[in-house]
Amino acid sequence: DQQVKQNSPSLSVQEGRISILNCDYTNSMFDYFLWYKKYPAEGPTFLISISSIKDKNEDGRFTVFLNKSAKHLSLHIVPSQPGDSAVYFCAAEAGNNRKLIWGLGTSLAVNP
Amino acid sequence: NAGVTQTPKFQVLKTGQSMTLQCAQDMNHNSMYWYRQDPGMGLRLIYYSASEGTTDKGEVPNGYNVSRLNKREFSLRLESAAPSQTSVYFCASILRGGLTQYFGPGTRLTVL
Numbered sequence: 004d005q006q007v008k009q010n011s012p013s014l015s016v017q018e019g020r021i022s023i024l025n026c027d028y029t030n031s032m033f034d035y036f037l038w039y040k041k042y043p044a045e046g047p048t049f050l051i052s053i054s055s056i057k058d059k060n061e062d063g064r065f066t067v068f069l070n071k072s073a074k075h076l077s078l079h080i081v082p083s084q085p086g087d088s089a090v091y092f093c094a095a096e097a098g099n100n101r102k103l104i105w106g107l108g109t110s111l112a113v114n115p
Numbered sequence: 002n003a004g005v006t007q008t009p010k011f012q013v014l015k016t017g018q019s020m021t022l023q024c025a026q027d028m029n030h031n032s033m034y035w036y037r038q039d040p041g042m043g044l045r046l047i048y049y050s051a052s053e054g055t056t057d058k059g060e061v062p063n064g065y066n067v068s069r070l071n072k073r074e075f076s077l078r079l080e081s082a083a084p085s086q087t088s089v090y091f092c093a094s095i096l097r098g099g100l101t102q103y104f105g106p107g108t109r110l111t112v113l
């Protein structure tokens, strides 16, 4: 059973608009959440993270929101740019060994 | 500073052949990881090494062995390749106390 779920396999938005990518989790022991971005034929690259003690973290155009009661987090990209077109993975971590549990990813297409 | 490097980038094997995937990092990171990514499956942890001299199984270790040769290098070995091991393999590393994993570019392996 998937502990980290990204229920939308794909998302298409217009350049300049907001992109919202969603992630749900089932394990209340997760204490750290990360978003990674992946271009074709490259490894994932870290984008932004949030600790379970916070409900929001912002870095430039990227904001992650965490709703612990709903076990839900979302990544907002404002404004979206064509270079943001990639697969976005949500990952969660519990414990000290830094093992990550990954969602299946959402493919974002930002159209000019 | 090359970050995390992986060799080879591509490999085609016949069923039953063996090979070793190499990973090295020059960031003085303590922990290293091997993942595989399959279509529709996200990233799954094969093995990890929390520190030099230690290795532990991840989610899908069957059919693989690893060696943490030194602090820099972490290799993944397929002793008898099977078509089910056709995948893209990613190596990652993280600094002790750090919060984000850094990924290599991946090795695309096909087993015929």
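Those protein sequences? They're chains A and B, same order as listed. Residue numbering for the first sequence follows the working numbering, starting at 4 and increasing by one per position. Residue numbering for the second sequence follows the working numbering, starting at 2 and increasing by one per position. Just so you know, even glycine gets a beta-carbon here, dropped at the ideal spot from N, CA and C. Here the structure is a predicted model, which means the values were calculated and not measured.
(request) Express the C-alpha separation of A/Pro115 and B/Glu80 in angstroms, rounding to a whole number. (result) 48 Å
(request) Could you confirm whether any beta carbon from chain B is found closer than 7 Å to the beta carbon of A/Ser86? (result) The question names Ser, but residue 86 of chain A in the sequence shown is Gly. No, its Cβ sits nowhere closer than 7 Å to a Cβ of chain B.
(request) Would you list, in chain order, the members of the region 64-93 of chain A that have their beta-carbon closer than 8 Å to a beta-carbon of chain B? (result) Phe92
(message) Give me the subset of the region 99-112 of chain A whose CB atoms are less than 8 Å from a CB atom of chain D, sorted by chain position.
(response) No chain D appears in the structure shown, which is made up of the protein chains A and B.
(request) Verify whether the separation of the beta carbon atoms of A/Glu45 and B/Pro9 is less than 7 Å. (result) no
(request) Less than 8 Å between the CB atoms is what I'm expecting for A/Ser77 and A/Asn25, so what's the real figure, rounded? (result) 5 Å
(message) Is it the case that the region 85-103 of chain A contacts the region 37-55 of chain A, given that we only count it when at least three CB pairs across the two stretches are under 8 Å?
(response) yes
(message) So, at 6 Å on beta carbons, what are the nonlocal neighbours of B/Gln102 in its own chain, with the 5 sequence-adjacent residues on each side left out?
(response) Ala93 and Ile95
(request) Give every residue of the same chain whose Cβ lies closer than 8 Å to the Cβ of B/Met28, excluding the five residues on either side of it in the sequence, and list them in chain order. (result) Asn2, Gly4, Val5, Ser94, Leu96 and Tyr103
(request) Report the three-state DSSP secondary structure of B/Asp27 (helix, strand or coil). (result) coil
(request) Output the distance between the C-alpha atoms of B/Thr108 and B/Asn31, rounded to the nearest integer angstrom. (result) 22 Å
(request) Quickly, what does DSSP pair A/Ala94 with across the bridge? List them, please. (result) A/Leu37 and A/Trp105
(message) If contact is defined by three or more beta carbon pairs under 8 Å, each pair taking one atom from either stretch, is the region 87-97 of chain A in contact with the region 106-113 of chain A?
(response) yes
(message) Within 7 Å of any Cβ in chain B, is that where the Cβ of A/Glu18 sits?
(response) no
(request) Taking B/Met42 as the query, report the chain A residues whose CB atoms sit under 8 Å from its CB, ordered along the chain. (result) Leu107
(message) In this structure, how does DSSP classify B/Asp57 when only helix, strand and coil are distinguished?
(response) strand
(request) Under 7 Å between beta-carbons, which chain A residues line up against B/Ile95? List them in chain order, please. (result) Arg101
(message) Going by beta-carbon coordinates alone, are B/Phe75 and B/Ser52 separated by less than 7 Å?
(response) no
(message) Taking 7 Å as the threshold (C-beta atoms), are A/His79 and A/Ile23 in contact?
(response) yes
(request) Locate the beta strand (DSSP E) running through A/Gln17, then write down its first and last residues. (result) Ser13 to Gln17
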